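These notes are about the structure you will find just below.
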Amino acid sequence: MSWNRIKFYSKYDGAGFNNLEKAEEILINFDQNKDYNINDIIELYEIKQYVDNDVYLPKWSPEEIENYKFVSKIMRTVIVRFWQKINDSNLLELFESLECWTVQDSFWELMENVSAYKQISNEVFGTLITTCNVNLRAILYREKIVKCFTKELRDFLLLHEETAELILSQYVEKHDREWQDLHFPKSLSLKDKEDIISRYLDTENPNLNYVSLVLNVKKLDHLNISDKTRLKAKNVDDRLSEELLNQGLIFENGVQVTFCAIQDVPFKHSVSDNVECLSYSTEMFFKIDHPFYYLSLFKNLFKYLDGQCGISLVSKQSELDILETIFMSSKFEYKTGMQFTRNDHLSMAQLYLFENELTKKKGLNIEYLIHYYITKHIETQFGLNGFRFNLPTAGTSYLEKIRMLLAEYDSFLRQYKLYCENGEIDFGLFEMSSESYAYKQIPSFIDKKYCYLRSEALNTVIRMFFSDQSGLYYVESFKDKRYSCLHDLILSENVPYDNFLDYQKIGINHLISGHFLEIDEDGFVRFCNTNQIFILKQIYLKGVLSYWHYDIECREILDELIADNSLDTESTLFNKLECEYLNYYLNDREFTNGLKLRNRFAHGTNSDSEGEIKNMYYILLRIIVLTILKVDNDLLLKLKTN
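Below, the structure is given as structure tokens:
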């Protein structure tokens, strides 16, 4: 049966107004002496949550709101009185009389909040979960109930078909939205959990999403799996993925890069049959014959860095489409969508083809450009001396090149770290220092270099303006324009305040009270400060702001947000998204689905093919080029801010 009564979801849910319209009559006519059944009581509890969360109909006067608050307090007394009468003698009957499976979350929430579970014996609880159609997730939300009935729940979980998915949801799945933790009996051991997952993989049709999560399990206190189980998951994942490809529709797209000697413009871009075509003029490449100029092409022409000199190749939440965000993923994997893959393929093609052109025309390679910058350009341009970087000898295999360049890359970052901290590179100290470091520990010469969102309140504002899930941008009179967020609607149209629906006005009023929006003299909704909105959009799109790349007006807004603790600042060479990007490619410190270049080439043997090793070599070259571009920007900002 469906629940045709009032249900509370959240204070921001658009269905709240329809529910409150129905709740109004119950609030007006509430009689504490009426004989309520369990479904009536749960409905009263749902109504009470609206009042407790200050969600009211706009038409209610302050006097009516105060009256409903008073009624809500009386409702609580009625609810508690009813729930305290639940015991072994009536639990099963009451549970079976619930009108809908989906209200079990409220049932168990009340059982815990009122401590009614203490009146239930282990035997009766065990009977309920084994004979009734229980919402297991709703029970596992309740930590006290799980602790009270640990044996019964362990026995049930060992055999329940949904258990593996619940375990993976709690410990491995990434939760981008509000998540309520699941609690498992402490008696459910690590071995129990692995056995449950292994049996799940043996079932006829396991869910591919959850199988993929098994591949991304990290060693945790509450969950760990063996290599044997991981291999089983890989085989199942391969089988299910192949079946999906064989029966489903495949969308193909690609990137094509060409270099042209007779092209009259530096860069051309077109799309044909889902293939993105980018053409570059080789005349542009050699306009200036200088190693640093060649390196600068990766920033200025190939766009390895964005407008605020952040690495443009990193994965950004704002670049994931709606399908990529709703698909299940592990909290331990680096999220890569179509845009990330496009950028990855494009940048690799640019690097590989440019080196071929550079070698053919000038007899140089990317390794030489790297060596020149680190050993000469830093000193001549910025006065930082003493940097060392050794190159592989001619004829060295790609395997040995990778091993040497990994060591030299690590050495370069440690040298830069020492210079930032001490103003010089003391190689005696360098040799003695054997501590490993994280990329986030490499400092910058610049104070207050990066700004990150800190305030959940501001995050809510940003989602309301820019998310296509906010629901605030759909206004009937502009529905044909197909706007995808509130920001674009207000930027492009004269939108009367009265055109918003009642539930939308709650959000609009919130933005008005926060001085993000205002209503002009004609009744249209406007931005209060366009620079402020620009900054919020930058936070949404980029996830991080480089403070010194904005003009003085925008920096003043950033200073205000920093002062009221809406933003945090850091002074590091790499921002947080860039550190994640480097960790994805270089090690297994943070992610389970990365390339792990350091780990792969740290040992004497390597099972990768020659083609795979060559590709990894160019990935490593790209990382070093990106790092040099970041260092160069850091040093330029040092001159600018000083």
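So the sequence shown is numbered by the numbering used here: it starts at 1 and just counts up by one.
Where a beta carbon is used, it is the ideal one built from N, C-alpha and C, also for glycine.
Small disclaimer: the values here were computed from a predicted structure and weren't measured.
Neighbour-count burial assignment, R81, 16 or more Cβ in a 10 Å radius: exposed
Exposed or buried, what is R177 when buried is set at 16 or more other beta-carbons lying within 10 Å of its beta-carbon? exposed
Could you check whether the segment 329 to 336 touches the segment 588 to 600, counting it as contact only if at least three pairs of C-beta atoms, one from each stretch, sit closer than 8 angstroms? yes
Indicate whether I370 and I624 have their beta-carbon atoms separated by less than 7 angstroms. yes
Quick check on this structure: which residue in H549, I490, I42 and D31 has the alpha carbon closest to the alpha carbon of I535? H549
How is the alpha helix (DSSP H) around C653 delimited, first residue to last? Here the chain comprises residues numbered 1 to 642, so residue 653 is not present and cannot be evaluated.
Going by CA-CA distance only, name the one from Q339, L313 and L635 that's closest to N325. With the sequence shown as reference, residue 325 is identified as Thr, and Asn is not the correct amino acid for it. Cα-wise, what sits closest to T325 is Q339.
Kindly confirm or deny that the segment 445 to 462 and the segment 560 to 576 touch, where touching means at least three C-beta pairs closer than 8 angstroms. yes
Y550 (DSSP reduced to helix, strand or coil): coil
Who does P496 pair with in a DSSP beta bridge? F524
Quick test of your reading: N209 and M328, contact by CB under 8 angstroms. State the CB separation rounded to the nearest angstrom. 4 angstroms
The segment 504 to 515 / the segment 464 to 478 touching (three or more Cβ pairs under 8 angstroms): yes
Whole alpha helix (DSSP H) elements within the segment 334 to 392, 4-residue minimum: 338 to 362, 366 to 372 and 378 to 382
Determine the direct distance from the alpha carbon of E243 to that of L249, and round the result to whole angstroms. Residue confidence is low: L249 scores 46 on pLDDT, short of 50, so the model does not pin down where it sits. Its coordinate-derived value is still stated next. Straight-line Cα distance between these residues: approximately 12 angstroms.
Below 7 angstroms between beta carbons: does that hold for W661 and L44? There is no way to answer for residue 661, as the model of the chain reaches only from 1 to 642.
Is it true that the CB of L486 sits closer than 7 angstroms to the CB of S318? no
If we count the other Cβ atoms within 10 Å of its Cβ and call it buried at 16 or more, is V271 buried or exposed? exposed
How many Å lie between S72 and K59 at the Cα? 19 angstroms
The alpha helix (DSSP H) enclosing I535, as first and last residue numbers: T530 to K542
Residue burial classification, Q180 (beta-carbon count within 10 angstroms, cutoff 16): exposed
Alpha carbon to alpha carbon, how far is D155 from R342? 48 angstroms
If you draw a straight line from the alpha carbon of S97 to that of C132, how long is it in whole angstroms? 11 angstroms
I need the boundaries of the beta strand (DSSP E) containing K669, first residue and last residue. Any answer about residue 669 is impossible in this case: the structure gives the chain only from 1 up to 642.
Could you tell me which uninterrupted alpha helix (DSSP H) segments, each at least 4 residues in length, are contained entirely in the segment 100 to 129, listed from first to last along the chain? 104 to 113
A233 to I196, Cα distance in whole Å? 13 angstroms
Give me the residue from I139, E123 and E64 with the minimum Cα distance to W662. Here the chain comprises residues numbered 1 to 642, so residue 662 is not present and cannot be evaluated.
As a quick exercise: from K69, I225 and E161, pick the residue whose alpha carbon is nearest that of N205. E161
Under the rule that 16 or more other beta-carbon atoms within 10 Å means buried, what is M616, buried or exposed? buried
Taking the beta strand (DSSP E) that F259 belongs to, which residues open and close that run? G254 to C260
Contact belief for Q263 with F302 at Cβ below 8 angstroms, rounded distance in angstroms: That pair is no contact at about 15 angstroms.
Specify, as a first and last residue, the run of the beta strand (DSSP E) that I519 falls within. L517 to I519
Ignore the nearest five residues each way along the sequence and tell me which others in H222's own chain have a CB closer than 7 angstroms to its CB. Y171
In chain order, which continuous runs of the beta strand (DSSP E) of length 3 or greater are located wholly inside the segment 565 to 613? 567 to 570
In chain order, what are the residue ranges of uninterrupted beta strand (DSSP E) at least 3 long that sit wholly in the segment 410 to 496? 450 to 453
Pick from C260, P266, D202 and I562: whose alpha carbon is nearest that of D237? D202
Classification of P185 by the beta-carbon crowding that lies within 10 angstroms, buried from 16 upward: buried
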